[in-house]
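Encoded as structure tokens, the structure appears first; notes follow it.
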Amino acid sequence: NAGVTQTPKFRVLKTGQSMTLLCAQDMNHEYMYWYRQDPGMGLRLIHYSVGEGTTAKGEVPDGYNVSRLKKQNFLLGLESAAPSQTSVYFCASSYSGRGSYGYTFGSGTRLTVV
Amino acid sequence: SQQGEEDPQALSIQEGENATMNCSYKTSINNLQWYRQNSGRGLVHLILIRSNEREKHSGRLRVTLDTSKKSSSLLITASRAADTASYFCATVPDIIQGAQKLVFGQGTRLTINP
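Protein chains in written order, with this note's numbering: chain G, -18 to 95; chain W, 46 to 159.
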């Protein structure tokens, strides 16, 4: 019963370094999302994907890139990390059938950029 | 930009009492969802209510939706210590290519005192 798995769970980066956050889901969900959570700001959508090979920008996409080469994986990349990207990052997925469904979230990646 | 605003920001009650949290939003919605987040963990989907529904129940949870007032409330009855968490409302303004882009509020921090 893995659901949505995020790796790594914690990471400290120096300004200017790059890294990739991995999200994997085993529920055969079509839709996947990346959010960031900052104190007092709630969660904000970075990028999302409606299927393998597709990605789209969310509310706060600047400084991030994403890829969805396989249906079960959604990668979030930071090319040149900045202190403003210090945050907790959550990946989520959702079912694509008729009707409305809730998200399944991963447990998050806590990223600190120094 | 955030769609929902929760009220109160923090709530502390005694075990066994009922807890009510409110959410207001700005634009028309397809559906509204409530999530729980325990400290340091991912979000867990609690309940979804569609725009044509007025009330929904799930165990000890009761959600109401008033689209004319653009507001929703979450009632937790007979609270337990395990209900201590942050609760977020999230709206779906529209569905694009089947994807529901959730817009989160800032959350209500609920503390249940033994």
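Where a beta carbon is used, it is the ideal one built from N, C-alpha and C, also for glycine.
Taking a Cβ-Cβ threshold of 8 Å, the residues of chain G close to Lys146(W) are Tyr14, Leu26, Tyr29 and Gly39, in chain order. Taking the beta carbon of Val137(W) as reference, the chain G residues within 8 Å of it are Ser81, listed in sequence order. Note on Met66(W): 16 or more other CB atoms within 10 angstroms of its CB, so buried under the neighbour-count rule.
Neighbours of Arg86(W) in chain G, taken as residues whose beta carbon is under 8 Å from its own, are Ser88 and Gly89 in chain order. With respect to the C-alpha of Asn97(W), the residue from Leu91(W), Ser103(W) and Thr109(W) having the closest C-alpha is Thr109(W). The shortest CA-to-CA distance from Ser(-1)(G) to any of Ala62(G), Lys(-10)(G) and His28(G) is the one to Ala62(G).
The region 64 to 72 of chain G makes contact with the region 11 to 31 of chain G: 3 or more CB pairs, one atom from each, lie closer than 8 Å.
Near chain W, meaning a CB-to-CB distance below 7 Å, the residues of the region 65 to 76 of chain G are Phe71 and Ser75.
Contact residues of the region 95 to 123 of chain W toward chain G are Arg95 (C-beta to C-beta distance below 8 Å). Under DSSP, Ser116(W) forms a beta bridge with Ser69(W) and Asp111(W). Looking at Asp7(G), Leu3(G), Leu2(G) and Gly32(G), the one whose alpha-carbon comes closest to that of Ser77(G) is Gly32(G). Look at Ser81(G) here: in three-state DSSP terms it is coil, with no helix or strand label.
Judged by beta-carbon spacing, Val94(G) lies within the 8 Å limit of Thr67(G), meaning their Cβ atoms are closer than that value. DSSP assignment within the region 28 to 74 of chain G yields the following whole beta strand (DSSP E) runs of 3 residues or more, N-terminal first: 45 to 48 and 54 to 59.
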